[in-house]
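Protein chains: 2
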Amino acid sequence: MIKITFPDGNIREYEAGISPMQIAESISMGLAKKVLVAEVDGKSWDLTRTLAGDCALKLYTWDDTAGKEAYWHSSAHLMAEALEALYPNVKLGIGPPIEQGFYYDIDLGEGRTMVSEDLAAIEKKMVELASKNSAFERSEVNKQEAIRFFTEKADPYKLELLQDLTDGEITFYKQGNFTDLCRGPHIPNTSYIKSVKLLNIAGAYWRGNEKNPMMTRLYGITFPKQAELDAYLTMLEEAKRRDHRKIGKELSLFTFDDMVGQGLPLWLPNGGIMIEEMERLAKEDEDADGYHRVVTPHIAKEELYITSGHLPYYAESMYPPMEMDGTKYYLRAMNCPHHHKVFDAEQKSYKDLPYRLAEYGTCYRYEDSGALFGIMRSRVLHMNDAHIYCTKDQFYDEFSKVNRLYQKNFELFGVTDYKMRLSLHDPSKLGQKYVNNSKLWLETEAMVRNVLYELGVPFEEVADEAAFYGPKIDVEMKSAIGRWFTMATNQVDFSSAEKFNLTFKNSNNEEERPLIIHRAPLGTHERYIGFLIEHFAGNFPTWLAPQQVIILPISDKFMPYAHEVNAAMRAAGIRSKTDDRNEKIGKKIRDAEVLKVPYMMVIGEKEMNENKVSVRIHGQGDKGMLPVEEVVSKLKQEIRTRSLVHII
Amino acid sequence: MIKITFPDGNIREYEAGISPMQIAESISMGLAKKVLVAEVDGKSWDLTRTLAGDCALKLYTWDDTAGKEAYWHSSAHLMAEALEALYPNVKLGIGPPIEQGFYYDIDLGEGRTMVSEDLAAIEKKMVELASKNSAFERSEVNKQEAIRFFTEKADPYKLELLQDLTDGEITFYKQGNFTDLCRGPHIPNTSYIKSVKLLNIAGAYWRGNEKNPMMTRLYGITFPKQAELDAYLTMLEEAKRRDHRKIGKELSLFTFDDMVGQGLPLWLPNGGIMIEEMERLAKEDEDADGYHRVVTPHIAKEELYITSGHLPYYAESMYPPMEMDGTKYYLRAMNCPHHHKVFDAEQKSYKDLPYRLAEYGTCYRYEDSGALFGIMRSRVLHMNDAHIYCTKDQFYDEFSKVNRLYQKNFELFGVTDYKMRLSLHDPSKLGQKYVNNSKLWLETEAMVRNVLYELGVPFEEVADEAAFYGPKIDVEMKSAIGRWFTMATNQVDFSSAEKFNLTFKNSNNEEERPLIIHRAPLGTHERYIGFLIEHFAGNFPTWLAPQQVIILPISDKFMPYAHEVNAAMRAAGIRSKTDDRNEKIGKKIRDAEVLKVPYMMVIGEKEMNENKVSVRIHGQGDKGMLPVEEVVSKLKQEIRTRSLVHII
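Quick mapping for you: the protein sequence lines, in order, are chains S and B. The numbers in the working numbering rise by one with no breaks, and the one at position 370 of the first sequence is 370. Just remember that the working numbering sits 1000 ahead of the position in the second sequence, which is counted from 1.
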């Protein structure tokens, strides 16, 4: 008999040689149907692979990242099987799961590539092979056997991969007629894969090196149900329609310029308005929570980043240095070291704590040009940053307040699905990958966990992914069309205070080190506004819309009254303007709809005579004729309360 | 007879061989008494030097920069004469006038230097020599004679200077027993110099090169009246008391850190508040005047600055490049090229003009470490920048509006003395130093001049100091203690539009180039706040004061009421806090005075019972007991109106 420990701490006894799938069945058939892959003592594990001794077991379903990864990884193998059936001479590179689906890099030989028309046949073959219900079979092979196998198969890519592997750690996975060099894990068999869509064909250098041959990268996705695939494809269509680069251009929010440089957006006036609204929001929250705002330079000497530990390890994510005055200056990639210096500028006492420093600090990070994506992944980051210096006793309250702020913002932007990914340390790596203070790790992790529980924030825990200096919380938000984005990082830091020799005098007049919380609830302007564009499809809540109101006189006769209404709106702080073109009202309305102006005020004879306007709301149509005063007052309220819905 | 043209265009005839001094006497004895030096056809000219032919003549007095320069330059010669009398072996380097006074670099031989105690004797000798009424006599010498003279005198420095001079252009000036190699001009004789003060002794490398020997630099200043010297010395004392670095530290406004780098201030929370107040002011003005705010990166590829013309010419004032992706990126030293790219991002029509782009753009400029001076001369500049793109027809109004904004700010900050220095082109350098468009130069200069006249802005015109692309207006402001600072530059630009190929469609649907106005009415945060610190001696108007109110309970018994009053203040948006220390009220008041908090609210039994506070104003003392509501309401008004005076 062996003892199996479950994630909730329960321990059950089973016969040795039992498989995770059999254990799932012993718990409930419902679970057994849902489970896709297992984790045994922290290692990925096939459901059908037997268990020899005592162990800790986790079972993953489609709802878990690990479950989806195994599913899509297995789908990549299925695609490879289909490819070998259709293209006997195909050579295979690597075929991993990705965030959404999987790909396989292939070489069709003789410089041949693939066109979209080829994909339908492969999809069909995949569905056919999947229905054969072939098991994914794991086998351990020695290196010599493995080399012999791929030499016979004449597959140069797998042979090259094999060179880097150590004998004794090599495994093959086989399903149907296909065998791959693979670490696993996989789902039990191909019948789990019900619906298949190949999405895209791209070129990719073998192993990412441009000196290597160019391979064909085939992207696909699979689902356990056709309805899920349909929903996914609809979402993709919608995402294309809401592409932040497209809407950013249509609404004149930002632009890029070759002479300025890749990944460096120029925010146009409309984008400038959104940035100011976001900053006003941040400042109000900071003022309410007792933050001090500071202003620090965008550069510093290398010494600062060596002290912080960013150099030399993080150098490749930073812009190269400027050599000057016998030293090197760097564009900052993070604001923390500057804030630590502000904290350190004057002696602090326990009465000054919690000491909260905030700055919309601009950082510059070098991203590979291939990784750049509009403003969602840029090289400049206007970061809603802050650092809270506090005592251990204050930590719980401070961290809790930070998380309530996150929640407030989720609500403000109508983000209903979000989760936090809590990255923990690995006790076996204390002193190497992690600051060597076991007690503080356990205490802080427990406090973080408790805060998240207490606030009812959905979160998952991930072992061995913490920052060097403390537990890390990645904030993930789901846009209105169901795409997840990592929007912010929230970190606990019990290392920087030591590195920068930061202290405060405690109530016994002794020097003590503060704990530091790094937080950025609005992430960066670039990424957050990019997210909001998709989330709202550019139809921003009124307070955030670059243009809030447009006055549409139906003919020139009403222009003076239109200007009068416009002036009343502007005097109330509403971003309003008049469409004074000599165009038909239908055209004016259509143009205003294209620009996604939330409120259109149509003005004609009746409106003028009664000192009213006819209100149209973008995408909703006519709301009737209302007195100007009432409209102004309601709009002011809608804007002041940052209402998510239109209240007229 | 020769024709003399005066600055007002008048022409008078005189006998050839007349001197400017004689001409001044012919106009009025009052003028003759005041005049110090002349300018003939754009060249500096001694008052006693005769005029041979027709020419344009300007006469300069103590009120003109040129007048002061000649006076102080002559004083440097007088100091050299005194030094030779007292130190027979002294060797002389150079002795120019500076902004305030003059210096002479001297070599006392055998590594000897000077101490403060030596200065009194030199001053005394200078006064004695001045009273001898020795004329400054100009003579033209050939190079050989000049070399012979200084070889006999065994003066290696002058001999070295002579090497760089062309024969035929060498002049000597002699007064009393002293002869110097000198281009002039000088005042007529030493009797003009009435009061003398030697200020400072410093070291300076010969010709600024650290490989050369170190010389002793002796600074001094002279005045036509003792009262003026006394006032100057008082002002110096006051300037020391108001030193922005000292007050910046006392009020915790900013700090510097070695690891961050020289000339790169970290603004502490109190400084952050001042910056936000300044930005709020700027934004209100921009909103009122129809500016669009944009946000652009702090870096760009070298291509951008080559296009703008800043590279390679301006390279030494920029931070060195970051080499990346096969090109060079530079930290920006100015925002204009980025704004031009924003203008160019979308097609503009005449309906979009004037198109006004504003940004508190941060720039980085390399200043020699010796030139750095707190935040008054730093390497980072948060610039209240904007660029106005307009048609020629719109220029007058736009330029006028910009200047009214300057005037509004002078008034807001209680700057009563200011002037603009209008730098014009030199027609003989069109196409070389200046854009080759004579008509546009003359038109624009006339418009600028008219605006300044019409608004009643005091200004002086300076020939041949314009920017390459148009006339330049330097704004000079006098602080409360009488020191002048150049705070901003205002420029007309008719070249950048061509360089960046910027156009708009005019009403005939043709492409046309806009004119561009560069303006920055609040200069940079660094320099402007530095100026305001001296100007107000740190006693900022309430709206700008980092801390506006401090509540001072006379004992712990009144703490709850103190917190209540504090809460009422804070709820009204007033930056208030409570001094909750267990200290005597006298100590609390003294400490609040040191921190220059404008309003102190003293709270005791009577105040609590009557729901009042006893108001004390910094530096003014007790203002009596007033109801809390009234105080809050008046303070709100004082802050909202940005009042220069306390209205309670």
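Backbone N, C-alpha and C define an ideal beta-carbon position, used for all residues, glycine too. Source: prediction; values computed, not measured.
- In the structure shown, S/Y469 adopts coil according to DSSP, grouped into three states.
- In the DSSP assignment, the residues bridged to B/W1045 are B/A1038.
- Using beta-carbon distances, S/Y319 counts as an interface residue toward chain B, with a partner under 8 Å.
- The region 1124-1181 of chain B contains, as complete beta strand (DSSP E) runs of 3+ residues, the segments 1137-1140, 1171-1175, 1178-1181 (chain order).
- In the assembly as shown, B/K1341 is a buried residue. Its beta-carbon has 16 or more other beta-carbons within 10 Å.
- For the region 235-261 of chain S, residues whose beta-carbon sits nearer than 7 Å to a beta-carbon of chain B comprise S252, T255, D257, M259, V260, G261.
- B/Y1329 belongs to the set of residues whose beta carbon lies under 8 Å from a beta carbon in chain S.
- Against chain B, a Cβ distance below 7 Å from S/G272 picks out H1292, R1293, V1294, V1295.
- For S/E284, the closest Cβ of chain B is not nearer than 8 Å.
- If you draw a straight line from the Cα of S/D41 to the Cα of S/E638, it is about 54 Å long.
- When Cβ pairs closer than 8 Å are counted between the two stretches, the region 165-185 of chain S is seen to touch the region 79-88 of chain S, the count reaching three or more.
- Annotation: S/M21 to S/D426 spans about 28 Å, alpha carbon to alpha carbon.
- Within chain B, P1297, H1298, I1299 have C-beta atoms less than 9 Å from the C-beta of S/Y364, given in sequence order.
- Secondary structure at S/N539: coil, using DSSP grouped into helix, strand and coil.
- The Cβ-Cβ distance between B/A1345 and B/E1286 does not fall below 8 Å.
- With 16 or more neighbouring CB atoms inside 10 Å of its own CB, S/Q548 falls in the buried class.
- Within the same chain, and ignoring the five residues on either side of B/N1566 in sequence, the residues whose Cβ sits closer than 6 Å to its Cβ are I1551, S1576, T1578.
- Closer than 8 Å to the CB of B/D1325 there is at least one CB belonging to chain S.
- Cβ atoms of S/H387 and S/H339 come within 8 Å of each other, at about 4 Å.
- Residue-level contact by beta carbon holds for B/M1322 and chain S, with a gap shorter than 8 Å.
- Taking a C-beta distance under 8 Å as the contact criterion, S/G53 and S/A16 qualify as a contact pair.
- Think of a sphere of 8 Å around the beta carbon of B/T1578: no beta carbon from chain S falls inside it, the nearest being about 12 Å out.
- Bounds of the alpha helix (DSSP H) holding B/E1069 are 1065-1086.
- Out of S/E398, S/M569, S/K433, S/R12, the CA that lies nearest to the CA of S/N490 is found in S/E398.
- Bounds of the beta strand (DSSP E) holding B/K1612 are 1612-1617.
- Its chain contains K194, S195 as the residues whose beta carbon lies nearer than 8 Å to that of S/K225, once the 5 sequence neighbours on both sides are disregarded; these appear in chain order.
- Under the 8 Å criterion on CB atoms, B/E1303 is classed as interfacial with respect to chain S.
- Straight-line spacing of the CA atoms in B/F1536 and B/I1574 works out to 21 Å.
- Below the 7 Å Cβ cutoff, chain S contributes L266, L268 as neighbours of B/V1342, in chain order.
- In the DSSP assignment, B/I1201 is bridged to B/L1218.
- The DSSP assignment places 1380-1390, 1418-1423 as complete runs of the beta strand (DSSP E) inside the region 1373-1445 of chain B, in order along the chain (cut-off: 3 residues).
- Just measuring C-alpha positions, the residue of B/E1123, B/H1244, B/K1584, B/V1448 sitting nearest B/F1540 is B/H1244.
- Residue-level contact by beta carbon fails for S/S507 and chain B, as no gap is shorter than 8 Å.
- With 16 or more neighbouring CB atoms inside 10 Å of its own CB, B/V1260 falls in the buried class.
- The contact set of B/T1065 on chain S, defined by CB atoms closer than 9 Å, is empty, because the minimum CB distance reaches about 34 Å.
- Under the 10 Å beta carbon count, B/K1408 is surrounded by fewer than 16 other beta carbons and is classified as exposed.
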